[in-house]
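Asks: Adding 19 to a residue's 1-based position in the sequence shown gives its number in my numbering.
Here a beta-carbon is modelled for each residue, glycine too, at the ideal position from N, C-alpha and C.
Would you mind keeping the following structure in view while I ask a few things?
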Amino acid sequence: MCNFAAIMAGLAVADAFIIAAIVATGIAIATNSSFFAAPTAVVPYGIAMVAAFAAAGSITVASSILAQPGCANAACAAEAAAARTAMELLTAAMWAATVLGIAAAALTPIPVAGAIALIAYTVGLAGVAIAMLPVTQTVAALERCVTAAANSTVTEVVIVVSAVVSLVGIAFLLVIIGSTRNGGDENDPFNPRPSGPNPD
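The following block contains the structure:
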């Protein structure tokens with residue numbers, strides 16, 4: 020039998036760590052009042068990286084459980100394929116975001132490269148957060164098919180939590196867009212806002 024409770028637990032843990040990564044990244048941005056200087060806020064940004072790594076690990080564990088033969092049968096082949104593909108893509112996206120976040124910190128001395136990595140990390144993290152709800156729902160659909168019963172209470176709770184995470188991801192994406200607008204940040208290597216008093 021497929022251990023859907025363990026899969027959902029893994030997704031729930033990932034939800035928590037994704038929220039932690041987003042909050043810590045937001046604090047890093049606020050610390051220096053600059054999106055592009057976020058990696059220089061060592062403590063909050065470091066916490067964000069640890070949380071992102073933990074989220075990626077949790078999703079990986081959940082995905083490996085889902086890949087077991089007991090999590091599919093002939094009648095649920097389509098649902099299994101959809102769930103496994105969704106989890107594999109989510110796993111890859113979370114690991115990519117984590118690596119890019121680490122790269123952003125390492126590339127801080129190289130403004131343009133660091134900025135590109137930071138934008139990619141934050142957008143990737145927001146994207147994973149937004150994807151948590153549809154991915155969780157896809158796994159829940161497989162559970163209903165395999166068990167021939169309604170989703171468990173655990174699954175329903177995780178769906179609600181993932182919905183909240185998706186909303187946070189959308190809000191975070193809007194923050195990223197606002198923070199990276201042209202001329203909005205004196206640390207922006209592409210189009211910096213002039214520092215000092217406004218000549219007007």
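Mind checking whether THR79 and THR117 have CB atoms under 8 Å apart?
Replies: No.
Asks: Compute the Euclidean distance between the alpha carbons of VAL131 and ILE195, then round it to the nearest angstrom.
Replies: Going by the C-alpha atoms only, they are around 17 Å apart.
Asks: What is the DSSP secondary structure of ILE129, reduced to helix, strand or coil?
Replies: If DSSP states are grouped into helix, strand and coil, ILE129 belongs with coil.
Asks: When we look at the beta-carbon of MET106 and count the other beta-carbons within 10 Å, is it buried (16 or more) or exposed?
Replies: Label assigned to MET106: buried.
Asks: Would you kindly check if the distance between the Cβ of ALA145 and the Cβ of LEU192 is under 8 Å?
Replies: Their beta carbons are under 8 Å apart, which means LEU192 touches ALA145 by this criterion.
Asks: Can you name the start and end residues of the alpha helix (DSSP H) that THR44 belongs to?
Replies: Where THR44 is concerned, the enclosing alpha helix (DSSP H) stretches over 23-50.
Asks: Should the region 63-71 be regarded as contacting the region 151-160, the criterion being three or more beta carbon pairs within less than 8 Å?
Replies: Verdict: no, contact absent.
Asks: If I'm right that CYS95 touches LEU161 with Cβ under 8 Å, what's the distance once you round it to whole angstroms?
Replies: Indeed, because the Cβ distance is near 6 Å, the residues count as touching under 8 Å.
Asks: Using beta-carbon positions only, say whether GLY197 and ILE149 come within less than 8 Å of one another.
Replies: Not in contact: GLY197 and ILE149 (Cβ atoms no closer than 8 Å).
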